[in-house]
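Below is one structure; the comments refer to it alone.
In mature numbering (1 follows the signal peptide of the UniProt record, and there is no 0), the protein residues as written are -38 to -1, 1 to 706.
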């Protein structure tokens, strides 16, 4: 996939086979909106009740039960799921959600000065009039800019041969008057004349696409609605390939829209019959083939069709085999295949267009090196992966592919990889690099000389001195003997800030879908670290930080390893002297929110405060509901409790909502999005309602539901940043900390 400078989708896939999962929120939460993007946040729109409450809302219990595999489950808060969903208009449901929002506002009112101070700190680290590094693509150079005070980007280009800059899209103009706005795809035709883009205006992730004539600035009449993901130009820039969303928010087709023709006449290039699969499409490196891919979390199947004749009969690379994943690219008449068919850590193979299923190994799979992907260029290709959990970027020649030219990075722990490289014939590669103490950096790498040229490093207007901080990569032994790596960043004078050893520590993890949380940089994280916190990322099983096996050891019937690893990491950090019991705070979102629910059930007295963003906590009920968008495709991740009694029983044993019990729980802040299609609003609502009913403590329990947003929270860079300030304000409040922090 290629991206325009600025981070939005350029060409390529409108959906990867994994993109229906809950990983969308993981990266931004891991870095705690490092790219959080304003001068003043929008006014609060949580839709609270008019009166200031003096006690928390108590949800009514309504008798509801179901039986599977001879096991009967009572679920008295089932009514919080609006029966007309995805329409949400049940007054009882809305009244409860608004009452929780009112309680949140009432309890956080005294923390407003702290939140405002935190917001100003966070905002002070963001360069308001910032721009991306320009990137050449064909005859044009593209980049994006934020203007001072703006919430959204402006996208520009200019001729590569020289000339004036031209504004091609203004997100601020598109977002004007809207409560929510997010840009999806941004795709310029190969001849540079047309711009296709898509927008989401309510957080539902159902996008609408329009096409702009860049010569006149006018919009074409064509409009594509209810889309997922990107837009791919084909057929000499006269047509777009896109993925329509079903009513259940699944992408089961690749469709072709010819400009100027009715949408009703759009041709289906491929239709998937398996409801658990998702379909995606994109162009090969040389842009002469259209790739149509389908798959779920563990199985994939790919077809090729000429980009200039997309209605031709597709070439099936190899029929799907359960448990076998593969993706492809094409160089001249050779297909390159990344696959796990022979090794769990993947290999790279190739085949001819004439015999696409006869794969010959180019790079064999390795127990040590985890191959995560590859990119083809005219005179060389690049493999990416991880060795001992650290990112590797390797140049290789087509003639001697096993001979590796690694790109060396200066720190012992870091996050690095290829950035946007839209052109096929290049002598330099664009790279992204950061660490827990080094801000986001963009480099050009000279392929011939090996020289790295720093093009830009993230500016922090309020000041940042990296020498004040240190990062440590330590190892914790989990209860089953597995060694769990943990990345930690803290001030070098932390003990002095805290008046001794054992200060507070914030622990983050995700641990799902094979998503590795990188040890990257975060400007917002500094607001905790400068107050004496250590900030730790636990690289727990369920992610693929240490390879594919690491991921498999945290899914399905080994899911509890993920939760145990996190608890054991916290206890290990206490044992190593980083902190003390009761001073560990924790956060996670989406599937990482499931982690938060599980760890407070398992070890409630370990945590000083916990924040769960859009948490996937009603696991069993969600996996029993085939009508929900993600459920069929998620059975390979969690198990199928409908057909398997074993899966039902195992899921029941850890599902955070089902395992809530009469015990003391730590202070808890929970967020939700009313329009969230990935983790539906009722999951956190039911969870909070049940916790309020049965927990035995008087600790804070707050639920904030964004009434006009989805899985990623509010849109706009300042709105997103303000939510981080609220999260940190809650944590500091619960830790009894003042608003003082270290001087830089």
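Just so you know, even glycine gets a beta-carbon here, dropped at the ideal spot from N, CA and C.
Helix, strand or coil at residue i [DSSP, three-state]
i           : result
residue 487 : coil
residue 321 : coil
residue 669 : coil
residue 398 : coil
residue 518 : helix
residue 336 : strand
residue 7   : Caution is warranted here: a pLDDT of 48 is assigned to residue 7, below 50, making its placement in the model unreliable, and no coordinate value can be reported.
residue 697 : coil
residue -5  : Note that residue -5 scores 31 on pLDDT, short of 50, meaning its location in the model is unreliable; the coordinates nonetheless yield the value given after this. Coil.
residue 550 : strand
residue 633 : strand
residue 525 : helix
residue 329 : coil
residue 343 : strand
residue 680 : helix
residue 93  : strand
residue 191 : coil
residue 431 : strand
residue 789 : The question about residue 789 has no answer, for the chain in this structure spans -38 to 706.
residue 607 : helix
residue 725 : Residue 725 is absent from the model: the chain starts at -38 and stops at 706.
residue 582 : helix
residue 692 : helix
Neighbourhood of residue i by C-beta, 7 Å cutoff - its chain only, sequence neighbours within 5 removed
i           : result
residue 132 : 116
residue 644 : 42 and 43
residue 31  : 607 and 610
residue 198 : 270
residue 557 : 471, 473, 524, 525, 528 and 550
residue 164 : 142, 637 and 670
residue 699 : 493
Cutoff 6 Å; reference residue i; Cβ partners in own chain excluding five residues on either side
i           : result
residue 692 : 631
residue 598 : 258, 259 and 260
residue 401 : 419, 420 and 483
residue 98  : 122
residue 523 : 503, 515 and 516
residue 288 : 262, 299 and 301
residue -11 : The pLDDT assigned to residue -11 is 41, lower than 50, so where the model puts this residue is not dependable, and the model offers no usable value.
residue 614 : 582 and 620
residue 77  : 687, 688 and 691
Contacting residues, own chain, Cβ-Cβ under 8 Å from residue i (five flanking each side not counted)
i           : result
residue 176 : 128, 130, 150, 154, 155, 156 and 157
residue 542 : 464 and 536
residue 591 : -19, 210, 211, 212, 639 and 640
residue 201 : 195, 218, 219, 220, 221 and 272
Rounded Cβ spacing between residue i and residue j (contact assumed at less than 8 Å)
i           : j           : result
residue 207 : residue 168 : 6 Å
residue 423 : residue 86  : 6 Å
residue 648 : residue 39  : 4 Å
residue 506 : residue 476 : 4 Å
residue 687 : residue 81  : 4 Å
residue 186 : residue 225 : 6 Å
Residue(s) in a DSSP beta bridge with residue i
i           : result
residue 353 : 348
residue 251 : 268
residue 447 : 437
residue 619 : In DSSP, residue 619 forms no bridge with anything.
residue 497 : 451 and 468
residue 102 : 99 and 121
residue 170 : 161
residue 218 : 203 and 229
residue 300 : 289 and 310
residue 33  : 30
Cβ-heavy atom distance, residue i to the ligand NAP, below 6 Å
i           : result
residue 159 : Ligands in the displayed structure: none, and consequently the ligand NAP is not present.
CB contact below 7 Å: residue i versus chain B
i           : result
residue 377 : No chain B is part of this structure, which consists of one protein chain only.
- Query: Are the stretch 478 to 497 and the stretch 443 to 463 touching, with three or more C-beta to C-beta distances below 8 Å?
  - Reply: They touch, by the three-pair rule.
- Evaluate contact between the stretch 90 to 97 and the stretch 360 to 377, counting only Cβ atoms and requiring at least three cross-stretch pairs below 8 Å. The stretch 90 to 97, when compared against the stretch 360 to 377, does not touch it at the 8 Å Cβ threshold.
- Say whether the stretch 466 to 474 touches the stretch 540 to 559, bearing in mind that this needs 3 or more beta-carbon pairs closer than 8 Å, one atom from each stretch. The stretch 466 to 474 makes contact with the stretch 540 to 559, as at least three CB pairs between them are under 8 Å.
- Item | Contact between the stretch 216 to 224 and the stretch 349 to 364 (3+ Cβ pairs under 8 Å) | Taking 8 Å as the limit for Cβ pairs, the verdict is that the stretch 349 to 364 does not touch the stretch 216 to 224.
- Query: Are at least three pairs of beta-carbons, each pair with one atom in the stretch 474 to 490 and one in the stretch 392 to 399, less than 8 Å apart?
  - Reply: Output reads yes: the stretch 392 to 399 touches the stretch 474 to 490.
- Task: Count the CB pairs spanning the stretch 559 to 573 and the stretch 605 to 625 that are closer than 8 Å, and state whether there are at least three.
- Result: At 8 Å Cβ cutoff, the stretches touch.
- Message: For the stretch 306 to 316 against the stretch 504 to 511, do three or more pairs of beta-carbon atoms, one drawn from each stretch, fall closer than 8 Å, so that the two count as touching?
- Response: With the cut-off at 8 Å, the stretch 306 to 316 and the stretch 504 to 511 touch.
- Message: Could you check whether the stretch 326 to 338 touches the stretch 266 to 286, counting it as contact only if at least three pairs of C-beta atoms, one from each stretch, sit closer than 8 Å?
- Response: Counting C-beta pairs closer than 8 Å gives fewer than three between the stretch 326 to 338 and the stretch 266 to 286, which falls short of the contact rule.
- Is the number of C-beta pairs between the stretch 571 to 582 and the stretch 496 to 505 that are closer than 8 Å three or more? Output reads no: the stretch 496 to 505 does not touch the stretch 571 to 582.
- Between the stretch 658 to 671 and the stretch 61 to 73, do three or more beta carbon pairs fall short of 8 Å? Yes, since at least three Cβ pairs between the stretch 658 to 671 and the stretch 61 to 73 fall closer than 8 Å, the two stretches touch.
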